[in-house]
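Quick note: the sequence shown uses UniProt numbering, first residue 1, plus one each step. Beta carbons are placed, not taken as given, at the ideal position from N, Cα and C, and that holds for glycine. Okay, structure first, notes after.
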Amino acid sequence: MRRAGVAHPAARARGMYRQLGQGLLELFWLAGASEPARDSVVELDAEAAAILSAALARGPVLLAASHTGNWELAAFAAARWLRPRGRSLVVVAKALHVGAFHVFCTRLRESFGVRLVAPLGALTNTKRALRAGDVVVMPIDQVPDRERHGHRIEFLGAKALADRAPAALALAEGATMLVVAADRGEGRQRIRVLAEIPPPARKDRAGFVERATERASAALDGFVRQSPESWLWLHRRWRAPLEADRPETLSGPRKLVTTAHPG
Numbered sequence: 001m002r003r004a005g006v007a008h009p010a011a012r013a014r015g016m017y018r019q020l021g022q023g024l025l026e027l028f029w030l031a032g033a034s035e036p037a038r039d040s041v042v043e044l045d046a047e048a049a050a051i052l053s054a055a056l057a058r059g060p061v062l063l064a065a066s067h068t069g070n071w072e073l074a075a076f077a078a079a080r081w082l083r084p085r086g087r088s089l090v091v092v093a094k095a096l097h098v099g100a101f102h103v104f105c106t107r108l109r110e111s112f113g114v115r116l117v118a119p120l121g122a123l124t125n126t127k128r129a130l131r132a133g134d135v136v137v138m139p140i141d142q143v144p145d146r147e148r149h150g151h152r153i154e155f156l157g158a159k160a161l162a163d164r165a166p167a168a169l170a171l172a173e174g175a176t177m178l179v180v181a182a183d184r185g186e187g188r189q190r191i192r193v194l195a196e197i198p199p200p201a202r203k204d205r206a207g208f209v210e211r212a213t214e215r216a217s218a219a220l221d222g223f224v225r226q227s228p229e230s231w232l233w234l235h236r237r238w239r240a241p242l243e244a245d246r247p248e249t250l251s252g253p254r255k256l257v258t259t260a261h262p263g
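What follows is the structure, encoded as structure tokens:
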């Protein structure tokens, strides 16, 4: 946080931990809550809903998401909004390391009507989903496993490797990319659209993946600087890809939130 220029980093880091704890409690609450109760704690804000409606009217839509707010609540709200419109939310997600928690989260997501796609084979499945009119969600704040699958960007004051896959899929399918994030407004989760990246004209296709990846990352960077408590600083955003198999990261030491993560 200090490197990114966040004011009062220790206080902001404590705020992130509070939200993380609150989010964990919300997960267990969600498992037994009714849909009206769930609706009371999360919303797709009016501007975001209007942007999403307009984008869907034009063609396929890909949501470029991140570890902001309570992303499980955000998925519920998006899936619930899409359901009466005859569309599903299809989320590309890695398996969680803790088996029992992975099973719990998978069942929770399925109870929302969220369809999950594993990264292996995701390209085929997400293309099929977009062509069926469903909305695909892909993360933009994770390091790709292979360096050649990434594009180097500046993120929160240091070099990072951004996954090219969301922009590449949008280009291949002519999809609009909506960069989305969630934060807590007056205690309620609010899903916002940070940037809208339309598919390019034929003459502008060259370099689109790199431009779109940079623009999406820049939009998330701006959001995190504005609401640093809302992003999960704990995950290793600046590490080297697994393919490189080396101890150093792209930007130096692995411990990034030193003000609130001692030891």
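Give the straight-line distance between the Cα atoms of Gly121 and Asp145, rounded to the nearest whole angstrom. 14 Å
Mind checking Thr126: buried by the 16 CB within 10 Å criterion, or exposed? buried
So, for Gly69: in the same chain, excluding its five sequence neighbours on each side, which residues have a beta-carbon less than 6 Å away from its beta-carbon? Ala182, Asp183, Gln189 and Ser230
Quick check on the DSSP output: the beta strand (DSSP E) that includes Ala158 runs from which residue to which? Counting along the chain, Ala158 sits inside the beta strand (DSSP E) bounded by residues Ala158 to Asp163.
Quick one: what's Arg38 bridged to in DSSP? Partner(s): none; Arg38 has no beta bridge.
Taking only runs that begin and end inside the segment 36 to 77, name each unbroken alpha helix (DSSP H) of 4 or more residues, in chain order. 46 to 58
Can you give the Cα-Cα distance for Arg237 and Leu116, rounded to whole angstroms? 23 Å
Own chain, CB closer than 7 Å to Leu242, minus 5 neighbours either side, in chain order: Here the set comprises Asp145.
Report yes if the C-beta of Glu47 is less than 7 Å from at least one heavy atom of the ligand FAD; otherwise report no. Absence of the ligand FAD is noted for the structure shown, with no ligands found whatsoever.
Beta-carbon contacts of Thr218 that lie in its chain and below 6 Å, excluding the five residues immediately before and after: This sequence places Ala at residue 218; Thr is not what is there. Cβ neighbours of Ala218 beyond the five flanking positions: none.
Among Leu82, Glu147 and Pro9, whose alpha-carbon lies nearest the alpha-carbon of Ser53? Checking every option, the nearest Cα to that of Ser53 belongs to Leu82.
Could you tell me which residues DSSP pairs with Met138 in its beta bridges? Ala64
Straight-line CA distance for His102 to Ala95? 6 Å
Excluding the 5 residues preceding and the 5 following Gly263 in the sequence, name in chain order all residues of the same chain whose CB lies nearer than 8 Å to its CB. Note on Gly263: pLDDT 30, under 50, position unreliable in the model; the coordinate value appears next. Same-chain partners within the cutoff: there are none.
For Glu154: DSSP bridge partner residues: Lys159
Nearest-angstrom Cβ-Cβ length linking Gly157 and Arg3, presumed shorter than 8 Å: 4 Å
Using DSSP with H/G/I as helix, E/B as strand and the rest coil, what is Asp183? strand
Beta carbon of Ala212 nearer than 8 Å to that of Met177: yes
With 16 other CB atoms within 10 Å as the buried threshold, where does Glu47 fall? exposed
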